[in-house]
Structure formats: structure tokens, C-alpha cells
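So the structure is just underneath, and the comments pick up after that.
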Amino acid sequence: MSETINRRQLLRAAAMLPLVGAGLASVANAAPAGADAPPALPLLPQFDPAPWARQAALVGKKGAYVWTENVPFLPGIPAANFVPLDAIPTIEWWLTAADAFFTIGIDVVSALIPVLNAMNTSTLADARNQMVGQKQELAQYHIRFKNLGNGKYNMDGPRLGIVHYDVTDQDMAEATLLQAEVGRLFNEFWLLLGNVRQNLMELIGSQQGIGNFGSKQGLAEYNAIFGTMPIPDVASNVHDDKTFAWMQQGGFDTNVLRQVRELPANFPLTDAQYREGIQADDGLAAALAAGRVYMCDYVGLGKMASEQATYKVLLGDTWHTAPIVLYALPPGKGDLEVVAIQCGQNSGTSPMFVRPRPDDKDRYWGWQMAKTSAMTAAWNYHEMFSHLGMSHLISEVFTVSLNRTIAPNHPLYQLMSPHAEGDIFINFLAATIIMPPKSFADDIVGGEINLVCEEVVNQRLAWNFHDRMIPNDIARRGLNNPQLDHPVRDDSTRIWNALHDWIDDYVRLYYHNDGDVTGDQELTDYCNEVINIGKMKGFSRPQTVSQLVDLLTMVAYTASAYHASVNFPQAEFMTYAPFGSGTTTAPPPTEIRGHTEADWLRMLPGMFSAVAQFTFLHQLATVYYRPLGDYRTNAFPFPTPFSDPRVFGPDGPLTKFRNRLDQIEAEINEANRSRFQPYEFLLPKNIPTSTNI
Ligand SMILES: [Fe+2]
Numbered sequence: 001m002s003e004t005i006n007r008r009q010l011l012r013a014a015a016m017l018p019l020v021g022a023g024l025a026s027v028a029n030a031a032p033a034g035a036d037a038p039p040a041l042p043l044l045p046q047f048d049p050a051p052w053a054r055q056a057a058l059v060g061k062k063g064a065y066v067w068t069e070n071v072p073f074l075p076g077i078p079a080a081n082f083v084p085l086d087a088i089p090t091i092e093w094w095l096t097a098a099d100a101f102f103t104i105g106i107d108v109v110s111a112l113i114p115v116l117n118a119m120n121t122s123t124l125a126d127a128r129n130q131m132v133g134q135k136q137e138l139a140q141y142h143i144r145f146k147n148l149g150n151g152k153y154n155m156d157g158p159r160l161g162i163v164h165y166d167v168t169d170q171d172m173a174e175a176t177l178l179q180a181e182v183g184r185l186f187n188e189f190w191l192l193l194g195n196v197r198q199n200l201m202e203l204i205g206s207q208q209g210i211g212n213f214g215s216k217q218g219l220a221e222y223n224a225i226f227g228t229m230p231i232p233d234v235a236s237n238v239h240d241d242k243t244f245a246w247m248q249q250g251g252f253d254t255n256v257l258r259q260v261r262e263l264p265a266n267f268p269l270t271d272a273q274y275r276e277g278i279q280a281d282d283g284l285a286a287a288l289a290a291g292r293v294y295m296c297d298y299v300g301l302g303k304m305a306s307e308q309a310t311y312k313v314l315l316g317d318t319w320h321t322a323p324i325v326l327y328a329l330p331p332g333k334g335d336l337e338v339v340a341i342q343c344g345q346n347s348g349t350s351p352m353f354v355r356p357r358p359d360d361k362d363r364y365w366g367w368q369m370a371k372t373s374a375m376t377a378a379w380n381y382h383e384m385f386s387h388l389g390m391s392h393l394i395s396e397v398f399t400v401s402l403n404r405t406i407a408p409n410h411p412l413y414q415l416m417s418p419h420a421e422g423d424i425f426i427n428f429l430a431a432t433i434i435m436p437p438k439s440f441a442d443d444i445v446g447g448e449i450n451l452v453c454e455e456v457v458n459q460r461l462a463w464n465f466h467d468r469m470i471p472n473d474i475a476r477r478g479l480n481n482p483q484l485d486h487p488v489r490d491d492s493t494r495i496w497n498a499l500h501d502w503i504d505d506y507v508r509l510y511y512h513n514d515g516d517v518t519g520d521q522e523l524t525d526y527c528n529e530v531i532n533i534g535k536m537k538g539f540s541r542p543q544t545v546s547q548l549v550d551l552l553t554m555v556a557y558t559a560s561a562y563h564a565s566v567n568f569p570q571a572e573f574m575t576y577a578p579f580g581s582g583t584t585t586a587p588p589p590t591e592i593r594g595h596t597e598a599d600w601l602r603m604l605p606g607m608f609s610a611v612a613q614f615t616f617l618h619q620l621a622t623v624y625y626r627p628l629g630d631y632r633t634n635a636f637p638f639p640t641p642f643s644d645p646r647v648f649g650p651d652g653p654l655t656k657f658r659n660r661l662d663q664i665e666a667e668i669n670e671a672n673r674s675r676f677q678p679y680e681f682l683l684p685k686n687i688p689t690s691t692n693i
């Protein structure tokens with residue numbers, strides 16, 4: 001038996017070799033035993049008759065999951081100092097991600113070739129042909145994956161109740177080889193994509209220009225980037241005020257919006273301006289008193305929004321400010337209207353742009369330019385704070401703490417490890433590939449990249465666990481106004497409550513009283529690491545079963561639904577640069593009247609940045625892996641992590657949870673029929689269990 005295990009460990013370690021180029025294999029140590037050993041029934045540590053066994057397991061995990069605050073380019077962020085072997089993605093993830101990445105890669109290169117006038121595009125054509133070949137090879141791996149064990153592992157079906165498979169050595173070997181081959185192919189694709197990027201940089205650096213693709217003469221050139229891919233609907237509504245306002249109700253980031261009862265001193269909107277902008281029978285004082293006024297103040301961007309030009313070799317001068325945007329609900333209406341925009345924090349230098357009436361040609365383009373400034377701020381806030389800092393990097397703390405302190409046979413490990421899957425790996429890629437200077441993030445955001453990273457760290461450390469719990473967050477920001485139609489509020493509440501009910505049912509199978517909570521030493525250690533090493537504000541050690549349920553709900557919600565709500569809108573709302581991007585190439589307007597469309601076009605990012613934005617975000621937003629309710633381990637052939645039949649039986653809490661998710665799916669589909677736009681990012685089927693992309 002031990003020989004078998006050793007052979008399997010060897011195979012799994014060998015499968016990681018293609019990842020050496022990414023610096024991952026060298027960090028591997030404790031290889032997992034695989035999924036072929038039946039899992040033990042879960043036990044709280046205080047009731048475990050063999051405490052030494054779980055302590056030994058934790059010693060091994062602590063050797064693999066090691067804290068650091070020296071993450072490249074994000075110093076001060078508590079995170080794993082390397083990717084442990086058992087945190088490497090599964091074959092399923094590689095296949096899913098490769099599908100999305102290869103498809104978009106081929107499209108982008110194909111779209112670039114015809115518009116790079118008379119330039120040397122033979123290398124691009126070669127790259128496209130290689131990508132097509134890689135995709136064909138990938139299709140073969142999909143077939144081999146489905147045929148593993150002649151289909152006996154039911155790769156696409158639910159794992160409910162399957163706690164153990166008898167896996168033959170031959171199947172394990174095939175799975176291991178497959179993982180290695182897909183990993184190698186993925187690595188080759190990334191190298192190819194890097195070559196394409198280098199090729200483009202050289203074209204720009206050669207001073208020969210990049211043909212019509214490098215100019216900004218109209219929106220057609222931005223449309224051409226999409227090649228054969230569908231252009232998002234927002235392309236038809238770039239200048240639409242309703243669509244702009246909808247971003248705060250059902251858009252890519254609704255986390256900045258808050259109700260205001262008085263205006264800040266640096267936003268001196270007058271009653272006359274309010275009446276003009278709301279375009280309804282309404283006054284400012286009445287609206288404030290009724291709680292119908294909302295604001296997005298991007299002051300939190302800090303040094304990211306210098307209000308000065310930042311020069312970048314590939315982008316030229318980029319501009320980025322911290323606007324203040326005022327929204328309001330007209331009396332009796334449920335959808336927000338954008339009323340006014342101030343493009344910077346200083347009202348002495350940034351004029352108040354008030355929404356003009358549609359026939360006001362003199363102010364139309366100045367208003368569009370102000371909206372572009374505001375959208376750029378929202379875009380940066382989303383990517384760097386709401387997405388990276390408050391989602392990926394928050395979940396990393398809980399993932400590392402879980403693996404270091406909670407034994408594998410602890411009921412909380414079985415519950416929470418699927419919510420932790422993939423986060424360390426994807427964050428490692430973010431820190432080492434996306435965030436470095438002159439890499440992907442630097443190509444698409446306006447701020448100086450070192451200052452951007454500094455503010456990401458600040459926002460991550462300022463994030464408050466208690467305040468961000470969904471019910472608290474809704475109340476804190478005044479989104480609980482029943483007049484306000486807010487799909488994100490409503491759908492997030494549905495998911496939060498379902499998760500809370502399921503976790504409550506689950507936890508009470510093992511914790512029978514509050515003493516069981518305070519007597520759980522592993523839980524205590526977990527909380528101490530989260531607080532003291534993870535630097536998690538607003539987090540406290542639970543003293544009761546109810547507090548434990550709240551805590552776990554928040555961790556699971558953040559890793560699943562919250563991440564989904566900021567990750568997947570990227571494809572629809574954030575890939576089309578004229579609607580929103582991370583940078584502008586001209587400062588915001590200082591004159592309210594007399595602008596032209598050409599003035600607005602000058603603000604839009606250059607084509608290199610627009611291509612990078614489309615490619616990068618489309619990749620991130622199209623990888624759907626393991627939906628909520630489908631709990632699996634990450635060891636082939638991926639059975640359920642739950643070893644207790646009470647959990648997954650026909651009347652068990654997991655079945656109840658899955659049924660509730662089905663109901664929510666129907667409820668949201670029904671609600672979408674009467675919304676300004678359907679909101680589908682929190683449909684349960686669209687919520688991965690963990691933050692893995
Ligand atoms: Fe993400």
C-alpha cells in the first residue's frame with residue numbers, strides 16, 4: 001500500500017513539472033495522498049480520541065502553508081509565501097480556463113492582423129496558427145478527461161453523496177499525465193501570448209506607428225478589437241445616462257454607492273443645479289430628507305488618482321482623477337438618475353457638471369467627458385479595490401489560516417476547503433504576472449503602478465469584516481431604502497440567507513452548545529491567525545454558535561458570491577473601452593460648454609490599452625468552475641469533501657441548500673423580467689464556490 005501511495009505521490013509531483021516556469025514546482029512539498037482513501041468522519045478536536053493524528057497533519061500543513069508579508073509588488077499584504085502542491089488547480093480547472101483563454105487569444109490575434117496596416121504581422125499569423133493548433137490539442141484532452149475510467153467517475157455529474165471512489169492505478173496515472181499535459185499546454189500558450197505582447201510593443205517602439213489601429217478616429221476601431229466575438233450591449237449605450245446610472249444598481253461595482261443626508265463641503269451642488277439635473281419635479285432638500293440622494297465619492301483612490309498626467313511608455317500620458325458623482329431617485333421612481341459630476345475633489349478647480357437635457361447640444365460632449373472621468377474612477381476602484389483587494393486578497397487570509405490551523409478531519413475543514421480552492425494560485429499569478437511594472441495591470445490603469453499597488457495594500461488592510469457582512473453593508477450604506485430597485489442588494493441577500501441557513505444547519509450537527517465553540521482549540525487558533533497575522537479588521541473570535549455561523553457565512557459568501565459579483569461583470573461592462581476603461585489619455589474637462597465628439601474621443605485609451613483590457617478581462621470573466629452547492633475535493637476524481645452521511649442525505653442540509661439555490665435561480669429569473677436590465681451575475685449557477693479566477 002505504501003508503495004502505491006508513494007508512486008501516486010511521485011506521479012502528482014511529476015505533473016507539476018510544467019509549472020516550473022511559473023516558479024511553482026520548486027515550492028511543492030507535502031504531496032497529497034489522493035482521493036482514494038476513504039475520509040474519516042469529522043470530529044471537533046476536543047472530542048477526537050486521536051488528537052496526535054490531527055496535530056501531525058497540521059504540522060505538515062503548516063510546513064506547506066507559510067505566511068509572508070513580502071508578496072512581490074504588494075508588500076505588507078498577509079499571504080501565502082508560495083503555492084503548496086495541494087493548492088495547484090485541478091485538471092478540471094486547467095481545462096476550463098484553457099478553453100476560455102485559448103478562444104480569446106485566437107480571436108484577439110485574428111482581429112489584430114488585418115488592422116495592423118502593412119506592418120510585419122507574419123509573427124502574429126504564426127502565433128494565431130499555433131494557438132489554433134493548441135486549441136485542437138486541448139479538445140483531445142477534454143475527450144480523454146471525460147473518458148477517464150470509461151466514464152465511471154461521472155466527471156460532469158453531481159458528486160452528492162460520493163465520498164469515495166476505488167481508483168485504479170492506471171486511471172490515477174492517466175489523470176496525472178493528463179494534468180501534466182494540460183499544464184504544459186497552458187504554459188506554452190502563456191509564452192505565446194507574451195510573445196504577441198512583445199511583438200506589439202516593438203511595433204509601437206519602432207516609431208513606425210501601428211497603422212489605423214493606433215489612432216482614435218472613431219468607435220469603429222474599438223469595435224474591431226472584438227473580431228468575431230460579440231460586442232457587448234453597452235457599446236450601443238455608451239452615452240446613455242440611464243445605463244451609466246444602472247452601474248450602481250446592477251453593474252460591475254455597486255460597492256461605492258451610499259446614501260447621503262447632506263452634501264460634503266467639497267461638493268457644493270445648489271438646489272437649482274439639482275432641479276436641473278434630476279429633470280423631475282423635485283428639490284434637493286426634500287430629496288435629502290427623504291433619503292433619495294446617493295453618492296459615489298472616489299476619494300479612496302488616494303495616490304492612484306493623482307489628478308496629474310502619468311507618463312507610460314506604452315500608453316503615453318494617462319490621466320486619472322477622483323470624481324464625486326451624485327445620483328438620486330426621482331419621487332416615486334425606483335431607478336437612480338445621475339444628477340451631477342465633479343471630476344475632482346477640489347470644487348475650486350473642478351466645475352460642477354450637471355446632467356443636461358438631451359437637446360442641450362452645447363453641454364452634451366462636456367457631460368460625456370465628465371461621465372468618462374467618473375467611469376474611469378469606478379473602473380479603477382473596481383479592479384484594484386473591490387476585486388483584487390477586497391475579494392482575492394481577503395479570501396487568501398482565510399485560506400491560509402484554514403489550512404494551517406483546522407485539521408482535515410475537522411467538520412469546518414470539510415465545509416470550508418471548497419470555498420478556499422484556487423485562491424492562492426490565482427493570487428500568486430496576480431502578484432507575479434499581473435501587477436508588476438509594465439505588465440498587464442500597468443497596461444490598463446492610469447495611475448503609476450507602484451502607487452496603485454500601495455493603495456491596494458491600504459484598502460485591503462482597511463477592509464472591515466463586520467461592516468461588509470451583507471446585512472450590515474446594506475444598512476451601513478443606506479441601500480435598504482425600499483423605493484430603490486437594487487438587484488445586487490436583493491440577489492446578494494437571497495444568496496447570503498441561503499448560505500447562512502445551510503451553514504447553520506451544518507454547524508449545529510457538530511457544535512451543540514456555545515461551549516463547543518469556545519472549547520475548539522483549532523477554531524481559536526484559526527481566529528488568532530486571521531486577526532493577528534491576517535490583519536483582519538472587524539473580525540473577532542466567536543463565543544457562540546450563532547456568531548460562528550455568521551463568521552463562516554461571511555467567509556463563504558466573500559469567496560463565492562461576492563467575488564462572482566465583481567468578477568463576471570467584467571466581460572459585459574468592462575471590456576469595451578469607450579464605455580469604461582482604467583485610464584484616460586486627456587485630462588477631464590474644465591469647461592462645461594462647447595466641447596465636441598473629438599474632445600471626448602481624445603480622452604479614450606489608446607488601442608494598445610484597449611486591446612489589453614479586452615483580452616485580459618474577457619479571460620478572467622469567462623471561467624466558470626464548480627458552481628455553488630457543488631462541493632468537491634481537489635484531488636482526482638474529486639468526490640464530495642463531506643464524509644458524514646447526515647450532511648448529504650435526502651433530507652440533509654446540503655440537499656436543502658441545493659434545493660434553495662434552485663428556488664433562488666427561479667426567483668431571480670422572475671425578478672429580472674421587470675428590472676431595467678436583467679442581472680444574472682448572482683444566479684446560483686453563475687457563482688463559483690471559490691475565488692479561483
Ligand atoms: Fe477574480
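For the sequence shown, the working numbering begins at 1 and goes up steadily by one.
C-beta: ideal position from N, C-alpha, C; glycine also.
**Message:** Which of the three DSSP states is assigned to Met352 in this structure?
**Reply:** strand
**Asked** In the structure shown, what three-state DSSP assignment does Cys527 receive?
**Response** helix
**Prompt:** What's the C-alpha gap between Glu454 and Ile434?
**Reply:** 15 Å
**Request:** Classify Val196 as helix, strand or coil using the three-state DSSP reduction.
**Result:** helix
**Asked** Considering Gln342, what are the terminal residues of the alpha helix (DSSP H) in which it resides?
**Response** Gln342 -> not in any alpha helix (DSSP H); beta strand (DSSP E) instead, spanning Glu337 to Gln342.
**Prompt:** Distance, Cα to Cα, Trp502 vs Ala111?
**Reply:** 47 Å
**Request:** Just tell me which of Ser417, Ala577 and Leu682 has its CA closest to the CA of Tyr631.
**Result:** Ser417
**Prompt:** Quick one, which of Gly515, Tyr511 and Thr524 has its alpha-carbon nearest Val549's?
**Reply:** Tyr511
**Prompt:** Under 7 Å between the Cβ atoms of Tyr311 and Ala610?
**Reply:** no
**Message:** Quick check for students: name the residue ranges of the alpha helix (DSSP H) that lie wholly in the region 624-686, counting only runs of 4 or more.
**Reply:** 645-648 and 653-672
**Prompt:** Does the region 402-422 come within contact of the region 58-76, defined as at least 3 CB pairs closer than 8 Å?
**Reply:** yes
**Request:** Look up Met536 in the DSSP assignment and say whether it is helix, strand or coil.
**Result:** coil
**Request:** Could you check if Pro542 is buried or exposed, using at least 16 other CB atoms within 10 Å of its CB as the buried criterion?
**Result:** buried
**Request:** State yes or no: is the C-beta of Phe573 within less than 7 Å of the C-beta of Phe252?
**Result:** yes
**Asked** In the structure shown, what three-state DSSP assignment does Ala265 receive?
**Response** coil
**Where Arg258 falls, given that 16 or more other Cβ within 10 Å makes a residue buried** = exposed
**Asked** Could you give the distance in angstroms between the alpha-carbon of Gly209 and the alpha-carbon of Glu69?
**Response** Annotation note: pLDDT 44 at Gly209 (below 50); position unreliable, coordinate value reported separately. Going by the C-alpha atoms only, they are around 42 Å apart.
**Message:** Taking the beta carbon of Pro75 as the centre, do at least 16 other beta carbons fall within 10 Å, making it buried, or is it exposed?
**Reply:** exposed
**Request:** Classify Tyr326 as helix, strand or coil using the three-state DSSP reduction.
**Result:** Tyr is not the amino acid found at residue 326; the sequence shown has Leu there. Three-state DSSP puts Leu326 in a strand.
**Request:** For the region 577-622, list the alpha helix (DSSP H) runs that are entirely contained and at least 4 residues long, ordered along the chain.
**Result:** 597-603 and 607-620
**Item:** Rounded straight-line distance, which links the Cα of Thr90 to that of Val27
**Value:** The predicted model places Val27 with a pLDDT of 30, which falls under 50 and marks its position as unreliable; any figure quoted below should be read in that light. Taking the straight line from one Cα to the other gives about 17 Å.
**Request:** Using the Cα positions of Gly23 and Cys343, report the straight-line distance between them to the nearest angstrom.
**Result:** Since pLDDT at Gly23 reaches only 35, below the 50 mark, its modelled position is unreliable, and the value read off the structure follows with that caveat. The straight-line gap from Cα to Cα measures roughly 43 Å.
**Prompt:** Run through DSSP, which three-state label would Ala40 get?
**Reply:** coil
**Asked** In this structure, what does DSSP give as the bridge partners for Arg258?
**Response** Met295
**Asked** From Glu665 to Phe681, what distance separates their C-alpha atoms?
**Response** 11 Å
**Message:** Could you tell me the alpha carbon to alpha carbon distance between Leu44 and Ser540, rounded to whole angstroms?
**Reply:** 20 Å
**Request:** Quick one: grab the DSSP three-state call for Asn223.
**Result:** helix
**Reduced DSSP secondary structure (H/G/I, E/B, other) of Pro230** = coil
**Asked** Between Asp271, Leu484, Val260 and His142, which lies nearest to Gln249 when the distance is taken from Cα to Cα?
**Response** Leu484
**Prompt:** So does Asn567 have its beta carbon nearer than 6 Å to some heavy atom of ligand 1?
**Reply:** yes
**Message:** Could you check if Ile693 belongs to the surroundings of ligand 1, using beta carbon to heavy atom distance under 6 Å?
**Reply:** yes
**Close beta carbons around Ser391, own chain, < 7 Å, minus the five adjacent residues each side** = Thr558, Tyr562, His563, Val566 and Thr691
**Message:** Excluding the 5 residues flanking Asn427 on each side, which residues of the same chain have their C-beta closer than 6 Å to its C-beta?
**Reply:** His392 and Glu396
**Item:** Beta-carbon contacts of Asn771 that lie in its chain and below 8 Å, excluding the five residues immediately before and after
**Value:** Past the boundaries of the shown model lies residue 771; the chain is included only from 1 to 693, so the question cannot be answered.
**Prompt:** How is the alpha helix (DSSP H) around Asp241 delimited, first residue to last?
**Reply:** Asp241 to Gly250
**Message:** Determine whether the beta carbon atoms of Val339 and Arg355 lie at a separation below 7 Å.
**Reply:** yes
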